[in-house]
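Chemist: Starting off with a structure, shown below.
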Amino acid sequence: MRRSASEIAIMRKAGRVVAEMHACIREAIKPGVTTRRLDEIAREVIERRGARSNFLGYGYPPFPGVICASVNDTVVHGIPGDQRLREGDIVSIDCGAIVQGWHGDAAFTTGVGAISEEAQRLIDVTEESLRAGIEQMIDGNRIGDIGHAVQTVVERAGFSVVRDYVGHAIGTAMHEKPEVPNYGRRGSGPKLRVGNVFAVEPMVTAGRPETKLAEDGWTVTTADGSLAAHAEHTIAITDHGPEILTLP
Ligand code: MF3
Ligand code: CO
6 MRRSASEIAI MRKAGRVVAE MHACIREAIK PGVTTRRLDE IAREVIERRG ARSNFLGYGY
66 PPFPGVICAS VNDTVVHGIP GDQRLREGDI VSIDCGAIVQ GWHGDAAFTT GVGAISEEAQ
126 RLIDVTEESL RAGIEQMIDG NRIGDIGHAV QTVVERAGFS VVRDYVGHAI GTAMHEKPEV
186 PNYGRRGSGP KLRVGNVFAV EPMVTAGRPE TKLAEDGWTV TTADGSLAAH AEHTIAITDH
246 GPEILTLP
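If you're matching positions, the sequence shown starts at 6 in the numbering used here and goes up one per residue.
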């Protein structure tokens, strides 16, 4: 879908709420904090901004949180709960917000206290791959250019791109078509146009790319137990290039 400038202006508001949720959660990430407490912090921001959560109640079984909190070998969709973060863990926080019917969606990964060099490199490479994907979001390029750029950065660093989950268009629903894979061939897939808005979200593992789904129906871990990181922004294609909407 191609969104108008006024529609993108509302999506920018939703994106700012998501950025504020991220900032408040980031401050609270310390050894000993539970992922449930991080979820409560996100709920407070949503309430304060008069927004709604697009995660809460999503899918089946209905997702019970307003954030996903995914620790160490959990790739995505970790359910917030009693788990306490420990020094040396890495944790991915994914959350979204709806403002006036328009959606924002973004994720980041960070260390808890001091972490290993390899874990930090995984986080840095994941962020770099997202930046490389975003750079391709130019009118006339194709979806495959995004995935190719992400994959190139990740694999050059010796890490793997998850195939089982992908990014997506976003607007009046969180998940719209087309999908935005984090792998692909240059020049392949649908053409990108001014007004398109996508959630680009590389999921990167330090080992093999295969995942497995837990009995709870949500928690996705690496099949080989390796560490995983996730980074995501909601980005609009404008006539002066990509604009990240999920920034403060
Ligand atoms: N934010 C995830 C995505 O990027 C979706 C989360 S699923 C939910 O597509 F159930 F937690 F909402
Ligand atoms: Co998303």
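Virtual Cβ for every residue (Gly too), placed ideally from N, Cα, C.
Count the other CB atoms within 10 Å of the CB of residue 245; is the residue buried (16 or more) or exposed (fewer)?
Modeler: Position 240 of the sequence shown holds residue 245. Answer is exposed; the Cβ neighbour count stays below 16.
Chemist: Go ahead and pull the three-state DSSP assignment for residue 173.
Modeler: For this step, residue 173 is matched to residue 168 along the sequence shown. Note: residue 173 maps to strand in three-state DSSP.
Chemist: For residue 222, collect the residues of the same chain with a Cβ closer than 8 Å to its Cβ; drop the 5 residues on either side in sequence, then sort them by chain order.
Modeler: Numbered from its first residue, the sequence shown carries residue 222 at position 217. For residue 222, where only same-chain residues beyond five positions count, the Cβ hits under 8 Å are 65, 66.
Chemist: Return yes when the C-beta of residue 172 is under 7 Å from any heavy atom of the ligand CO, and no when it is not.
Modeler: Position 167 of the sequence shown, counting from 1, holds the residue named residue 172. It does: the Cβ of residue 172 is within 7 Å (strictly closer) of some heavy atom of the ligand CO.
Chemist: Residue 22 to residue 62, Cα distance in whole Å?
Modeler: One-based indexing of the sequence shown puts residue 22 at position 17. One-based indexing of the sequence shown puts residue 62 at position 57. Rounded to the nearest angstrom, the two C-alpha atoms are 19 Å apart.
Chemist: For residue 29 and residue 115, what's the separation of their Cα atoms in angstroms?
Modeler: Sequence index remark: in the sequence shown, residue 29 carries index 24 (1-based). Sequence index remark: in the sequence shown, residue 115 carries index 110 (1-based). Those two C-alpha atoms are separated by around 13 Å.
Chemist: Taking the alpha helix (DSSP H) that residue 18 belongs to, which residues open and close that run?
Modeler: Stepping through the sequence shown from its first residue, residue 18 is reached at position 13. Where residue 18 is concerned, the enclosing alpha helix (DSSP H) stretches over 10-33.
Chemist: Measuring from the CB of residue 82, is there a heavy atom of the ligand MF3 at a distance below 7 Å?
Modeler: Taking the sequence shown and counting its residues from 1, one reaches residue 82 at position 77. The answer is yes for residue 82.
Chemist: Would you mind sorting residue 250 into buried or exposed? The rule is 16 or more other CB atoms within 10 Å of its CB.
Modeler: Start at 1 with the first residue of the sequence shown, and residue 250 comes out as number 245. Buried: at least 16 other Cβ atoms inside 10 Å.
Chemist: In this structure, does DSSP put residue 79 in helix, strand or coil?
Modeler: Translated into positions along the sequence shown, residue 79 becomes position 74. Three-state result, residue 79: strand.
Chemist: What is the rounded straight-line gap between the Cα of residue 179 and the Cα of residue 101?
Modeler: Mapped onto the sequence shown, residue 179 falls at position 174. Mapped onto the sequence shown, residue 101 falls at position 96. For residue 179 and residue 101, the distance between alpha carbons rounds to 8 Å.
Chemist: Apart from the five residues on each side of it in sequence, which residues of its chain come closer than 8 Å, Cβ to Cβ, to residue 176?
Modeler: Walking along the sequence shown from the start, residue 176 turns up at place 171. The residues are 6, 8, 12, 16, 107, 108, 202.
Chemist: With residue 155 and residue 137 assumed to form a contact (beta carbons below 8 Å), what rounded beta-carbon distance in angstroms separates them?
Modeler: Translated into positions along the sequence shown, residue 155 becomes position 150. Translated into positions along the sequence shown, residue 137 becomes position 132. Rounded, the Cβ-Cβ distance is 6 Å, consistent with contact.
Chemist: Which residues does DSSP pair with residue 218 in a beta bridge?
Modeler: As a working mapping, residue 218 is identified with position 213 in the sequence shown. Bridge partners of residue 218: 225.
Chemist: Can you tell me which residues form a DSSP beta bridge with residue 179?
Modeler: Position 174 of the sequence shown, counted from the first residue, corresponds to residue 179. In the DSSP output, where bridge partners are listed per residue, residue 179 has none listed.
Chemist: Report whether the distance from the Cβ of residue 132 to the nearest heavy atom of the ligand CO is below 7 Å.
Modeler: Taking the first residue of the sequence shown as position 1, residue 132 is located at position 127. False, no ligand heavy atom lies under 7 Å from that Cβ.
Chemist: Identify whether residue 111 lies in helix, strand or coil by the three-state DSSP scheme.
Modeler: For the purposes of this step, residue 111 is identified with residue 106 of the sequence shown, where counting begins at 1. Residue 111 falls in the strand class under three-state DSSP.
Chemist: Say yes only if the C-beta of residue 44 is nearer than 7 Å to one or more non-hydrogen atoms of the ligand CO, and no if none qualify.
Modeler: Along the sequence shown, one-based indexing puts residue 44 at 39. Residue 44 Cβ: outside cutoff for every heavy atom of the ligand CO.
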